[in-house]
Each structure stands twice: as structure tokens, then as C-alpha cells.
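J.:
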Ligand SMILES: Cc1cc2nc3c(=O)[nH]c(=O)nc-3n(C[C@H](O)[C@H](O)[C@H](O)COP(=O)(O)OP(=O)(O)OC[C@H]3O[C@@H](n4cnc5c(N)ncnc54)[C@H](O)[C@@H]3O)c2cc1C
């Protein structure tokens, strides 16, 4: 496995580093206070990203064009390029990253299970709107008040009625849920069937019976919208069933769709956590260089230098796991275990980097200011150990693979 960045990836990292430093970070605290990312910025960003798009970047963004699945002989760089974008954008501001227009978490299930027509329709809708200067998002609605970690227990129901399906239930904590043009919603034909009962639908904004409930007020990622979605006899056309009816049969296609989403997105979420952890580490490193106590720069105190070295080592170690998970996806190999391992490791390394950075910086670490974002990163990072499966759940996924013959977990 080659760890060097392609030319596109290097250019992307450099461009995002400058954008982050000079444009995004100076807006961070205001976005955190107001819970809003300026629309003008998002429009400029979409236009800029559109003008810079290369084949490699398009593939990383998962645009609607069908591409052959990667293999070991014909690998892609799509997942690794997406990692670079995710890490650098989160290094700049993780809330803003989650607010950027595009399919978001709704993209992977459509790519994994959608028919050719469905991919064209739902990705095409967002691309057209964004190209016309109208901001447009997709979303992913799986979690329910009683089913977060254990998604096999979802209770939102769906029943076939003539040429349509009728959905009832609630989804909670849905990123970009209120603003999304469409959401991939998971429901069950019968809770007794467990995973086998799951179906995935694309529900368009404005569909009668679909409404937005409360918008959450959160500890961190405060500029990112997290919404409750309500389905009250919400009727969607039969063609909105992802993959079409033949895809389900007696198999647990709906559940697998949800899980395949995680194989694609956990490395990305892990890369975002690394971006925040790296930002905190750099902040603490620069702080100790300039800070004098008892007439010595405090970096000279070995206890502090040792802590910084450990933080760096944990972040770099997690990055290796993240890159391995993406490399496996880029070469068409299964990566569920690696996706879970990297998510658990990166979130933990980054949470601990933010925590230790605050301690190292003393009072300055907990004060807000345009150039003092450590306190914000400390709040932002915690959720990376919660969404897309908590750290505990990632360890459950890995341990199941260590004991494949035991069904007692
Ligand atoms: C900001 C934010 C954005 C989100 N965005 C989305 C989104 O876009 N779409 C979406 O569908 N969901 C989204 N979520 C939901 C997120 O995926 C869930 O919060 C997460 O999966 C955890 O579920 P839960 O909160 O219900 O916790 P619970 O499942 O209630 O877990 C509570 C605790 O029990 C532990 N636990 C549970 N089961 C086990 C077990 N078997 N073994 C050991 N420990 C266990 C967990 O680790 C956790 O510590 C978002 C959440 C947040 C906070």
C-alpha cells in the first residue's frame, strides 16, 4: 500500500488548508453562535469545487455518472481522495463541512442499492439544483428514538398500497434533515421480521405526510442542522423503494443497505475526527513553543513534550487504519471490520487529543477567540465517538468478527 498523496490530493490539501486558515476559521465562532453557515460562502464553495473538479474528485464526491466497481487490478483513488477532503475540511471547521450541499450520508445507500434510474434521478436532482445556484442536500434517516445503536429494532413502518408505499413513524438526529431535498428513510414491513423486514425509500421534501419536528440544540457541531423527521401516512411512489422490489425478496437488503453505508462513511467520519484532533494537537504544540514558565519554553519540560509525542503517535496510528479501510474500498475489497476499527481508533485518539490539548494550554485552552478555537474543537469532537455508531458499537462489530462462530453477542 502506497501512502503518498496523488497530485490531486496534494493540491486539494493545500487549497483546503489555505481556505481553512484564511476564510473558514475566522468565521467559525460566529457560525457556532448563530448555528448558521453563510449561504454566500456555500454558493461560492459549490462554484469553486465545480470549477476544480477532475475525474478523481468527481469520483470521490460520488457524482451520478456510473463507474465500474473498483478491483485490485483496476483500483480507484475515490475513497482516499475523499479522506483528504474530509480531514482538511474538518481541520478547518467540522460543522461547516457537514453543512456543505450534496447528497451527504444519503449518497452511499443510493450508490449501494439504487437502480441506474434512481441514481440518475436523485443525484441528478441535487447536481442540477446546485449548478443553478440553488443549494441542495440529501440526508439519511435511520435512527429512531428507540433504535440508535441497534438499528435492527427500527419501528417506523411501511406498507404497500397499490402503486405506492405508506410510511409512518419518527426519525431523530438527522443531519441536514430539515433542509434536504430528499432523505433516504428506513422503515420496516413488520418489526417481527427483524432485519429481513427493512426497506429503504427516498422521500422527497414536501411529500404530504412528511414534516420536520424539532431541530436539536447540541454541545458541538452547532452550525450543523440535526432534525427530527415525522412521517404520518406519508405516501411515496413505488419507484422510490431503493433498488426496486426485486432487490428485497427474502434477503435483508434494507439492513445491508444501511450497513454498506457505514462501510463507506465510517472511514470518512474517522478522517474528520483526525482533522479536529490534528488541529488541537497543532494548537497545543504551538502554545508550548511560545510559552515560558520559570524562564524556559515549556516545551523543554519533558512531561509536556512526551504528552505531545503520544498524542501525535495515536493520531498517526489511527490515520494508518483509516487509510487502510479506504484502500480496501478503493480496491474493491471488503472493509467492514477495518471501517469500524478506524472509526473507533480515530474518534478516541481525537477526543483524547482535544482533552489533552486543553490541559496543556491551561486557561487559554478554554477561552474563545478568533484564534482560540480549542474550546470549540473540544465540544465538536465528542459526537465523533457517537454518530455513525458509538465507539462501543464499533468494538462490538470487530469482536463479532474475532469470534465468527459465536452467535451469543
Ligand atoms: C450530531 C448527530 C448527528 C447524527 N446524524 C444522523 C443522521 O444523519 N442519520 C441517522 O440516521 N442518525 C444520525 N445520528 C444518530 C446516531 O447515529 C446515533 O445517536 C448513534 O448511532 C447512537 O445511538 P443512540 O444515540 O440512540 O444511543 P444508544 O443506542 O441508546 O446507546 C446508548 C449507549 O449504550 C451503548 N450501547 C448500546 N448498545 C450496546 C451494545 N450492544 N454493547 C455495548 N454498548 C452498547 C452505546 O455505546 C451508548 O454508549 C446523529 C447523531 C448525532 C448526535
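In the working numbering, the protein residues as written are 257 to 665.
In this text, a Cβ means the ideal position worked out from N, Cα and C, and glycines have one as well.
All of these numbers come straight from a predicted model, not from anything done at the bench.
#1: Look at the Cβ atom of residue 525, then the Cβ atom of residue 487, and state whether they are nearer than 9 Å.
#2: Please classify residue 388 as buried or exposed, where buried requires at least 16 other C-beta atoms within 10 Å of its C-beta.
#3: Kindly indicate which residue of 610, 433 and 646 has the alpha-carbon position closest to the one of residue 395.
#4: Would residue 415 and residue 459 be called neighbours here (beta carbons separated by less than 9 Å)?
#5: Just to confirm, does residue 545 get its C-beta within under 8 Å of one of the non-hydrogen atoms of ligand 1?
#6: Three Cβ pairs or more, each shorter than 8 Å: is that satisfied between the region 539-553 and the region 612-625?
#7: Where residue 665 and residue 624 are concerned, what is the direct C-alpha to C-alpha distance, given to the nearest angstrom?
#8: For residue 558, which residues from the same chain have a beta carbon less than 8 Å from its beta carbon, with the 5 sequence-adjacent residues on both sides left out?
#9: Can you look up residue 422 in the DSSP assignment and give me helix, strand or coil?
#10: Could you give the uninterrupted runs of the beta strand (DSSP E) lying entirely in the region 437-479, keeping only those of 3 residues or more?
#11: Please list the terminal residues of the continuous alpha helix (DSSP H) segment that includes residue 511.
#12: In chain order, what residues of the same chain lie with their CB nearer than 6 Å to the CB of residue 328, ignoring the 5 residues before and after it?
#13: Residue 456: which of 532, 536 and 413 sits nearest, CA to CA?
#14: Whole angstroms are fine: how far does the CA of residue 282 sit from the CA of residue 504?
#15: Tell me whether residue 330 sits in a helix, a strand or coil according to DSSP, three-state version.
#16: Let me confirm a value: residue 589 is counted as buried when at least 16 other C-beta atoms fall within 10 Å, else exposed. Which label applies?
#17: Can you check whether the CB of residue 399 is closer than 9 Å to the CB of residue 430?
#18: Label residue 627 either buried or exposed according to how many other C-beta atoms from any shown protein chain fall within 10 Å of its C-beta, with 16 as the threshold for buried.
#19: Residues bridged to residue 416 by DSSP?
#20: Under a three-way DSSP split, which group does residue 259 fall into?
#21: Could you work out which residue in 345, 484, 479 and 480 is closest to residue 468 when comparing CA atoms only?
#22: Pick helix, strand or coil for residue 278, following the three-state DSSP scheme.
#23: Is residue 480 buried or exposed, if buried means 16 or more other CB atoms sit within 10 Å of its CB?
#24: Please go through the same chain and pick out, in chain order, the residues whose beta-carbon is closer than 7 Å to the beta-carbon of residue 450, but skip the five residues on each side of it.
#25: For residue 632, is the classification buried or exposed, using 16 other Cβ atoms within 10 angstroms of its Cβ as the cut-off for buried?
#26: With the cut-off set at 9 Å, would you say residue 501 and residue 373 are in Cβ contact?
#27: Considering only the beta carbon of each residue, do residue 584 and residue 610 sit closer than 9 Å?
#28: How about residue 361: is its Cβ closer than 8 Å to a heavy atom in ligand 1?
#29: Does the contact criterion of 3 or more C-beta pairs under 8 Å hold for the region 291-301 versus the region 633-652?
#30: On the criterion of 16 or more Cβ atoms from any shown chain inside 10 Å, does residue 655 qualify as buried, or is it exposed?
#31: Taking the alpha-carbon of residue 426 as reference, which of 379, 403 and 620 has the nearest alpha-carbon?
#32: Give me the Cα-Cα distance between residue 523 and residue 578, rounded to the nearest whole angstrom.
#33: Tell me whether residue 519 counts as near ligand 1, meaning its Cβ is closer than 8 Å to at least one heavy atom of that ligand.
#34: Relative to ligand 1, is the shortest distance from any of its heavy atoms to the C-beta of residue 472 smaller than 8 Å?
#35: Distance check for residue 520 and residue 472, CA to CA, integer angstroms please.
#36: What is the DSSP secondary structure of residue 504, counted as helix, strand or coil?
T.: Looking at the atomic coordinates:
#1: Here residue 525 refers to the residue found at position 269 of the chain shown. Here residue 487 refers to the residue found at position 231 of the chain shown. No, Cβ-Cβ distance for residue 525 and residue 487 is not below 9 Å.
#2: For the purposes of this step, residue 388 is taken as the residue at position 132 of the chain shown. It is exposed - the Cβ of residue 388 has fewer than 16 other Cβ atoms within 10 Å.
#3: Walking along the chain shown from the start, residue 395 turns up at place 139. Considering only alpha carbons, the answer is 433.
#4: One-based indexing of the chain shown puts residue 415 at position 159. One-based indexing of the chain shown puts residue 459 at position 203. In this structure, residue 459 does not lie closer than 9 Å to residue 415 by Cβ.
#5: Indexing the chain shown from 1 puts residue 545 at position 289. No, Cβ of residue 545 sits at least 8 Å from all heavy atoms of ligand 1.
#6: Counting C-beta pairs with one atom in each stretch, the region 539-553 and the region 612-625 have three or more that are closer than 8 Å, which means they touch.
#7: Translated into positions along the chain shown, residue 665 becomes position 409. Translated into positions along the chain shown, residue 624 becomes position 368. Residue placement at residue 665 is poorly supported in this model, since its pLDDT is 49, which falls under 50; the coordinates still yield a value, given next. Taking the straight line joining both Cα atoms gives about 44 Å.
#8: As a working note, residue 558 is residue 302 in the chain shown. If we look at residue 558 and ignore the five residues flanking it on each side, it has no Cβ neighbours.
#9: On the chain shown, position 166 is the one that residue 422 refers to. Residue 422 falls in the strand class under three-state DSSP.
#10: Taking 3 residues as the shortest admissible run, the region 437-479 contains the following complete beta strand (DSSP E) segments, listed from N- to C-terminal end: 438-444, 454-460 and 466-471.
#11: Locating residue 511 in the chain shown gives position 255, where the first residue counts as 1. Looking at the DSSP string, the run of the alpha helix (DSSP H) that includes residue 511 is 509-546.
#12: Residue numbering aside, residue 328 sits at position 72 when the chain shown is read from its first letter. Around residue 328: 587.
#13: Stepping through the chain shown from its first residue, residue 456 is reached at position 200. Nearest option by C-alpha distance: 413.
#14: What you label residue 504 is simply residue 248 of the chain shown in a count that begins at 1. What you label residue 282 is simply residue 26 of the chain shown in a count that begins at 1. A direct Cα-Cα distance of roughly 49 Å separates residue 504 from residue 282.
#15: One-based indexing of the chain shown puts residue 330 at position 74. Shown here, residue 330 sits in coil according to DSSP, grouped into three states, outside any helix or strand.
#16: Start at 1 with the first residue of the chain shown, and residue 589 comes out as number 333. Looking at its Cβ environment, which holds fewer than 16 other Cβ atoms inside 10 Å, residue 589 is exposed.
#17: If you number the chain shown from 1, residue 430 lands on position 174. If you number the chain shown from 1, residue 399 lands on position 143. In contact: residue 430 and residue 399 (Cβ atoms closer than 9 Å).
#18: Counting from 1 along the chain shown, the entry for residue 627 is found at position 371. Looking at its Cβ environment, which holds fewer than 16 other Cβ atoms inside 10 Å, residue 627 is exposed.
#19: Here residue 416 refers to the residue found at position 160 of the chain shown. Its beta-bridge partners are 421.
#20: Here residue 259 refers to the residue found at position 3 of the chain shown. Coil, per DSSP.
#21: Here residue 468 refers to the residue found at position 212 when the chain shown is read from its first residue. Comparing Cα-Cα distances from residue 468 to each of 345, 484, 479 and 480, the minimum goes to 484.
#22: The residue labelled residue 278 in the question sits at position 22 within the chain shown. Three-state result, residue 278: helix.
#23: Position 224 of the chain shown holds residue 480. Per the 10 Å Cβ criterion, buried.
#24: Taking the first residue of the chain shown as position 1, residue 450 is located at position 194. If the five residues before and after residue 450 are omitted, its C-beta is found closer than 7 Å to the C-beta atoms of 408, all from its own chain and listed in chain order.
#25: Residue mapping note: residue 632 aligns to position 376 of the chain shown, counting from 1. If you draw a 10 Å sphere on the C-beta of residue 632, you find 16 or more other C-beta atoms in it, and that means buried.
#26: Along the chain shown, read from residue 1 onward, the residue named residue 501 stands at position 245. Along the chain shown, read from residue 1 onward, the residue named residue 373 stands at position 117. When the beta-carbon positions are compared, residue 501 and residue 373 stay at least 9 Å from each other.
#27: Sequence index remark: in the chain shown, residue 584 carries index 328 (1-based). Sequence index remark: in the chain shown, residue 610 carries index 354 (1-based). The criterion of a C-beta distance shorter than 9 Å is not satisfied by residue 584 and residue 610.
#28: Translated into positions along the chain shown, residue 361 becomes position 105. Residue 361 Cβ: within cutoff of ligand 1.
#29: Contact fails between the region 291-301 and the region 633-652, because fewer than three Cβ pairs, one in each stretch, are under 8 Å apart.
#30: For the purposes of this step, residue 655 is taken as the residue at position 399 of the chain shown. Answer is exposed; the Cβ neighbour count stays below 16.
#31: Within the chain shown, residue 426 is the residue found at index 170, counting from 1. Out of 379, 403 and 620, 403 has the C-alpha closest to the C-alpha of residue 426.
#32: Taking the first residue of the chain shown as position 1, residue 523 is located at position 267. Taking the first residue of the chain shown as position 1, residue 578 is located at position 322. One C-alpha to the other measures close to 5 Å.
#33: Locating residue 519 in the chain shown gives position 263, counting from the first residue. Here the distance from the Cβ of residue 519 to the nearest heavy atom of ligand 1 is not below 8 Å.
#34: Start at 1 with the first residue of the chain shown, and residue 472 comes out as number 216. At least one heavy atom of ligand 1 lies less than 8 Å from the C-beta of residue 472.
#35: As a first step, residue 472 must be located in the chain shown, where it is residue number 216. As a first step, residue 520 must be located in the chain shown, where it is residue number 264. Rounded to the nearest angstrom, the gap between the Cα atoms of residue 472 and residue 520 is 26 Å.
#36: Locating residue 504 in the chain shown gives position 248, counting from the first residue. The answer is coil: DSSP assigns residue 504 none of H, G, I, E or B.
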